[in-house]
Each structure stands twice: as C-alpha cells, then as structure tokens.
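Using my numbering, read the sequence shown as starting at 2 and increasing by one per residue.
Glycine included, C-beta positions come from ideal geometry on N, C-alpha and C.
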Amino acid sequence: MTDTYMAGAVTPGRAADFRKGAAFVDGRMVPIEQATISVLDWGFLHSDATYDVAHVWNGRFFRLRDHLARFTRGMERLRLSIPHDAAGIENILRRCVRATGLTNAYVEMICTRGVPPSGSRDPRECANRFLAFAVPFIWVANPEQRKRGLRLRVSHVQRIAPGAVDPTVKNYHWLDLVAGLFEAYDAGDETVVLVDADGHITEGPGFNVFAVVDGALVTPAAGVLEGVTRRTIIEIAQELGIPTRLRPLGASEPRSAAEVFISSTAGGIMPIGMVDGVALETSGMGPVTRKIADRYWALHEDPRYCIAV
Ligand SMILES: *Cc1c(COP(=O)(O)O)cnc(C)c1O
Numbered sequence: 002m003t004d005t006y007m008a009g010a011v012t013p014g015r016a017a018d019f020r021k022g023a024a025f026v027d028g029r030m031v032p033i034e035q036a037t038i039s040v041l042d043w044g045f046l047h048s049d050a051t052y053d054v055a056h057v058w059n060g061r062f063f064r065l066r067d068h069l070a071r072f073t074r075g076m077e078r079l080r081l082s083i084p085h086d087a088a089g090i091e092n093i094l095r096r097c098v099r100a101t102g103l104t105n106a107y108v109e110m111i112c113t114r115g116v117p118p119s120g121s122r123d124p125r126e127c128a129n130r131f132l133a134f135a136v137p138f139i140w141v142a143n144p145e146q147r148k149r150g151l152r153l154r155v156s157h158v159q160r161i162a163p164g165a166v167d168p169t170v171k172n173y174h175w176l177d178l179v180a181g182l183f184e185a186y187d188a189g190d191e192t193v194v195l196v197d198a199d200g201h202i203t204e205g206p207g208f209n210v211f212a213v214v215d216g217a218l219v220t221p222a223a224g225v226l227e228g229v230t231r232r233t234i235i236e237i238a239q240e241l242g243i244p245t246r247l248r249p250l251g252a253s254e255p256r257s258a259a260e261v262f263i264s265s266t267a268g269g270i271m272p273i274g275m276v277d278g279v280a281l282e283t284s285g286m287g288p289v290t291r292k293i294a295d296r297y298w299a300l301h302e303d304p305r306y307c308i309a310v
C-alpha cells in the first residue's frame, strides 16, 4: 500500500511525503506538516469549533456514519455550516486516508468558526472552515499501559459545566482536562477523569469511563460526550447479557470497583490498573473488560459496522 494516494489537487512535482499523514485544508490535499490555518481563525482564538475522530482499522472505517452524524449534529448546534454534506465529507476522509496508504489510521474532521471580516466581532459574519486529516493510528495508552492497566487519578478539577458548553458536542474546551492531567502527573499517575459540580465522575481527556460494580457495568448517564466507543460497549453488553447501568458514578466508586476501563476511538477499550494510587483487584484487563474488548475488535470485521476505505 504505497503511493495509493488519489490526492487530486497535489502540486505536481512536489516530493510530497503523505505517509506521515494527509490533510484536506481549504480545498487542497497536502502532507500533514504543511496543513496550516490562519491565526485569526476563531477555532484557534476562541476554541470556536467542533470536530470528530473516526478510525480506520485493517483498511476499513469503523462506524463512520455514526461519527458523521455526530459531527453534523454538532455543527448544527453551534450554527456552523460548510459546503459539504455527509457524503461529501465521507469522500474527503477517504481521500485523506488513501493519500497516506495507511491501513490503521486516526481520522479527524474539524469545522471552525473561521475568520470574521476585519474589525467584526459577529460570529454570523465568519466564513466557517472545514478541514480533515488522516494520520497513523493513535492510542490513548501505550502497549505497556494497555497490558498492565493505566494509573488513573480522579481529579478535583471540575469538568466545564454542561450548562456552559454542551458536552455532547465534541469540542476543544480542554483547559479543565489539561489541568486534570497535570494534577495526575504530579501525583505520579498517568491519566485523569474529572468530576461534575456534584462530585460525580464525568470523563477524561478524549475518553469515557466505565466501572464494573456489583457485577454490573456502570457509566455516567449524562454530562459527557456520548462516545461512539461508549455506545458500542453498551450495545455489546446488552448482546452479552451484562447488566448495564447508566447512572451517576461516585468519585470513590472506581477505587473499589472490580474492573475499570476507559473507551475512545483512539485505542478502543483500555484497562485501568490503579485508581488514586490504589491497585484494583484485577490488574490489566479483567474478565468483563476482556469479553467486551474482544467483541469490540471482532465488530471491526463486521460489515454492519465497517466500510472499506
Ligand atoms: C472523543 C471523546 C470521547 C470518546 O468518544 P469516542 O467517540 O468513543 O471516540 C469521550 N470524551 C471526550 C471529551 C471526547 O472528546
């Protein structure tokens, strides 16, 4: 799979290296290092943007239509619009992946508010910008962490309130998540989940969280991004007859849970081995996590969920 790019508007004669990634910006396909936008774009200046991330595994997009539906809904909620419909975006994403020749890829689509006319502060006057890129597959956890389980900290930092920024619209309001990460690192941990105003667990930097409590799978019902991985896990649990509760998850519950794991398109299902410095009963993947993870990866071969690049 080399040189399989169908990059359309690539400048002829340029020694382009698309293997590290390909990006579609302002109507052109460019190598990832050359993908840039204006510093005046409100996506950069105000985090005024929405995005989505899908992945390609063994040459196939997983649940791409669900990612596109979430992205389209996010744009509507933020009153952003672009000249591409879902089919048009899908086509651009395919072109990005093909340009790289990658069989396992992390594929991001972004819509920013764009740049207003000089002097304007009116978001209605901005020309919204669409961009997309494909890079090699990204994992939230490295191989060693995936084997032994991540060390997780339940942060004191509150996740930005759902009444302020709608958490179901995928967004770049990450100052809370990054503050939480530093708190975790300072405590010798590797990743973090934040709490809400009532002290219940929400989510972490780019992932949802699950705990196995009294034989049931528990994940926060609300106040989180409704992950495509999270939804897949809930569906798998139903299919496997694992009782599932969407309910508030107390800040101290993971510490005494039988199993804890996190879920993200960037790596799938990844186990937690330690919470707040306390080792869980099961280090690495516990039996429930393992069953769900095996099924999750098996679905990556299932034509109901996959479309070829
Ligand atoms: C993307 C993301 C997730 C995970 O969603 P997936 O669709 O499973 O990748 C969870 N929380 C936040 C804050 C996210 O940005």
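Closer than 7 Å: residue i CB and nearest ligand 1 heavy atom
| i | result |
| --- | --- |
| residue 134 | no |
| residue 209 | yes |
| residue 121 | no |
| residue 292 | no |
| residue 69 | no |
| residue 228 | yes |
| residue 266 | yes |
| residue 171 | yes |
| residue 261 | no |
| residue 204 | yes |
| residue 231 | yes |
| residue 40 | no |
| residue 225 | yes |
| residue 108 | no |
| residue 54 | yes |
Chain-order list of residues whose beta-carbon lies under 6 Å from that of residue i (same chain, five-residue window excluded)
| i | result |
| --- | --- |
| residue 255 | 212, 261, 276 |
| residue 150 | 272, 273, 274, 284, 285 |
| residue 18 | 32 |
| residue 156 | 181, 184, 193, 195 |
| residue 81 | 112, 129 |
Own chain residues within Cβ distance below 7 Å of residue i, not counting five before or after
| i | result |
| --- | --- |
| residue 79 | 51, 170 |
| residue 333 | For the chain, the structure presents residues 2 to 310; residue 333 sits outside this window and is missing. |
| residue 68 | 53, 55, 229 |
| residue 243 | 218, 289 |
Burial state of residue i (16 or more Cβ within 10 Å)
| i | result |
| --- | --- |
| residue 204 | buried |
| residue 37 | exposed |
| residue 114 | buried |
| residue 238 | buried |
| residue 25 | buried |
| residue 43 | buried |
| residue 168 | buried |
| residue 214 | buried |
Option nearest residue i by Cα separation, candidates the options
| i | options | result |
| --- | --- | --- |
| residue 132 | 27, 302, 284 | 27 |
| residue 271 | 208, 190, 46, 173 | 208 |
| residue 310 | 296, 160, 94 | 94 |
| residue 135 | 114, 128, 108 | 108 |
| residue 191 | 159, 225, 173, 153 | 153 |
| residue 264 | 140, 300, 282, 197 | 140 |
| residue 100 | 21, 35, 58, 46 | 21 |
| residue 293 | 235, 246, 258 | 235 |
Residues of its chain near residue i, where Cβ-Cβ distance is below 8 Å and the 5 sequence neighbours each way are ignored
| i | result |
| --- | --- |
| residue 250 | 201, 202, 210, 212, 219, 220, 221 |
| residue 120 | none |
| residue 123 | 117 |
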